[in-house]
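Please read the structure below before turning to the comments.
Residue numbers (our numbering): 17 to 189.
Printed below as a string of structure tokens:
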């Protein structure tokens with residue numbers, strides 16, 4: 017049986033590649049290239065393929081982690097990644113006015129292309145407890161079901177491992 021495959025989703029610049037590097041260390045492979053669209057997002061590099069890394073959990077289980085590019089034009093790649101995913105970690109900035117729409121759209125995309133996959137929404141930018149609570153409640157209302165939402169620092173491996181453990185608990189047996 018192949019290791020479970022988890023995909024990181026989120027907008028450009030939210031920290032998917034950083035999270036993958038924090039989880040997988042030097043063994044991660046990224047698809048970063050120079051960012052030629054500095055007007056839409058001011059960062060030096062951007063992902064144009066699927067980042068990849070392997071995480072070994074404390075219980076010995078191995079997870080394959082894929083980072084998806086955030087730009088809309090890579091929708092076909094997100095669909096391909098979902099074709100073999102058992103879980104999705106969706107990174108958002110709950111302070112961003114469009115975060116709720118983005119999270120719901122991504123949850124819908126996961127449901128459409130991987131109906132059995134579990135999802136957890138990770139708030140990857142600092143947010144106050146009231147902002148997190150409002151975001152979580154609004155997302156549950158829109159989704160029509162409770163969706164786990166947790167804050168993380170994408171540079172902190174332990175926090176990301178906690179998110180993976182939560183996601184793993186949601187996977188069907």
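From the three backbone atoms N, C-alpha and C, an ideal C-beta is built for every residue, glycine too.
Buried versus exposed call for residue i [16 or more other C-beta atoms within 10 Å across all chains shown]
{"i": "residue 71", "result": "buried"}
{"i": "residue 67", "result": "buried"}
{"i": "residue 43", "result": "exposed"}
{"i": "residue 76", "result": "exposed"}
{"i": "residue 41", "result": "exposed"}
{"i": "residue 45", "result": "exposed"}
Euclidean distance between Cα positions of residue i and residue j
{"i": "residue 181", "j": "residue 169", "result": "16 Å"}
{"i": "residue 93", "j": "residue 123", "result": "16 Å"}
{"i": "residue 183", "j": "residue 137", "result": "10 Å"}
{"i": "residue 127", "j": "residue 103", "result": "11 Å"}
{"i": "residue 29", "j": "residue 158", "result": "25 Å"}
{"i": "residue 73", "j": "residue 129", "result": "27 Å"}
{"i": "residue 161", "j": "residue 120", "result": "11 Å"}
{"i": "residue 89", "j": "residue 175", "result": "30 Å"}
{"i": "residue 84", "j": "residue 125", "result": "13 Å"}
{"i": "residue 31", "j": "residue 18", "result": "27 Å"}
DSSP-derived helix/strand/coil call for residue i
{"i": "residue 164", "result": "coil"}
{"i": "residue 140", "result": "coil"}
{"i": "residue 38", "result": "helix"}
{"i": "residue 74", "result": "coil"}
{"i": "residue 104", "result": "strand"}
{"i": "residue 112", "result": "coil"}
{"i": "residue 191", "result": "Here the chain comprises residues numbered 17 to 189, so residue 191 is not present and cannot be evaluated."}
Spatial neighbours of residue i in its chain, beta-carbon cut-off 6 Å, leaving aside the 5 residues before and after
{"i": "residue 151", "result": "110"}
{"i": "residue 82", "result": "23, 66, 68, 97"}
{"i": "residue 20", "result": "79, 102"}
Limits of the beta strand (DSSP E) - the one that residue i falls within
{"i": "residue 126", "result": "Here residue 126 belongs to no beta strand (DSSP E); instead the alpha helix (DSSP H) covers 115-129."}
{"i": "residue 187", "result": "No beta strand (DSSP E) contains residue 187, which DSSP labels as neither H nor E."}
{"i": "residue 172", "result": "Run containing residue 172: none; DSSP gives neither H nor E here."}
{"i": "residue 44", "result": "Unbroken run through residue 44: none, as it is neither H nor E."}
{"i": "residue 21", "result": "21-25"}
Same chain, Cβ closer than 7 Å to residue i, five either side skipped, listed in chain order
{"i": "residue 173", "result": "38, 39"}
{"i": "residue 163", "result": "123, 135, 137, 155, 156"}
{"i": "residue 27", "result": "86, 118"}
{"i": "residue 188", "result": "132"}
Unbroken alpha helix (DSSP H) run spanning residue i, endpoints
{"i": "residue 152", "result": "145-159"}
Residues near residue i in its chain [Cβ-Cβ closer than 8 Å; skip 5 each side]
{"i": "residue 99", "result": "129, 130"}
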